[in-house]
Amino acid sequence: MQTLDPNEEIIFSRNDHWIVLMRPVLLFLAGLTLFLVISSISNILLDINQVVGIVFQFIALVLMLILVHFLFLLIFQYILSSWFVTNKRILDFATTPYVRDDTMFINIGEIHQIEKHKHGLMQNIFNYGDIIINLLAIRESIVLHYVPDPSLFVSIVELIQAGRIEQAKHHHYKQRKRFLP
Numbered sequence: 006m007q008t009l010d011p012n013e014e015i016i017f018s019r020n021d022h023w024i025v026l027m028r029p030v031l032l033f034l035a036g037l038t039l040f041l042v043i044s045s046i047s048n049i050l051l052d053i054n055q056v057v058g059i060v061f062q063f064i065a066l067v068l069m070l071i072l073v074h075f076l077f078l079l080i081f082q083y084i085l086s087s088w089f090v091t092n093k094r095i096l097d098f099a100t101t102p103y104v105r106d107d108t109m110f111i112n113i114g115e116i117h118q119i120e121k122h123k124h125g126l127m128q129n130i131f132n133y134g135d136i137i138i139n140l141l142a143i144r145e146s147i148v149l150h151y152v153p154d155p156s157l158f159v160s161i162v163e164l165i166q167a168g169r170i171e172q173a174k175h176h177h178y179k180q181r182k183r184f185l186p
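First residue of the sequence shown? That's 6 in the numbering used here, and the numbers climb one at a time after it.
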């Protein structure tokens, strides 16, 4: 893994917004409900036919193991995937255990345009959105999804582009204090 360049320091860091965990948690709860139903059926079937009851218990156990593995895999993905804004670059780490280990570096000096997009009620209520980055040398935009507080992200990058790094640090800490208890 590449380390920071000399004279490069982290100004801002974030993970995906916690909303990305809602779908896996809801699917886990639905699977847990199915597990409980199958377990109840297997207990009833044990009195009628022991072999069928044991088969149902085995199916319920396998279902639960798959669900727990799926949930923990997605939680690890959430914890390991993050963005960092340094005084020189934007670093995007997208990691899924066993499957994916992507790292993207965007030099802040090469950014032509940076925009935030918050569409819909959920994104506005929970304050997350997409960041669209246009670079000078590339036609396609780079999109960062599920960025918490995209306005702060864009503000910090724009301050760094303007050479006001100390103000970017101060802006970040001032915004963090606003949300702390």
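Built from N, CA and C at the ideal position, the CB exists for glycine as well. These numbers come from a predicted model, not from an experiment.
Shown here, R28 sits in a helix according to DSSP, grouped into three states.
Cβ atoms of K121 and P155 come within 8 Å of each other, at about 4 Å. Assigned with DSSP and collapsed to three states, E163 falls in helix. DSSP, read as helix, strand or coil, puts K121 in strand. Note that the C-beta distance between V25 and I95 is not below 8 Å. Close CB contacts of D107 within its chain, under the 6 Å cut and outside five residues either way in sequence, are with A99 (chain order).
Note that the C-beta distance between L72 and L31 is not below 8 Å. Between the alpha carbons of D10 and N92 lies a distance of about 10 Å. Between the alpha carbons of L39 and I59 lies a gap of roughly 17 Å. The segment 43-61 makes no contact with the segment 101-116: fewer than 3 CB pairs, one atom from each, lie closer than 8 Å. Taking 8 Å as the cut-off, the beta carbon of L149 is found closer than this to the beta carbon of I136. Within a 10 Å sphere around the beta-carbon of H22 sit 16 or more other beta-carbons, which makes this residue buried. Within the same chain, and ignoring the five residues on either side of A142 in sequence, the residues whose Cβ sits closer than 8 Å to its Cβ are E115.
Here the alpha carbons of L157 and G125 stand approximately 19 Å from one another.
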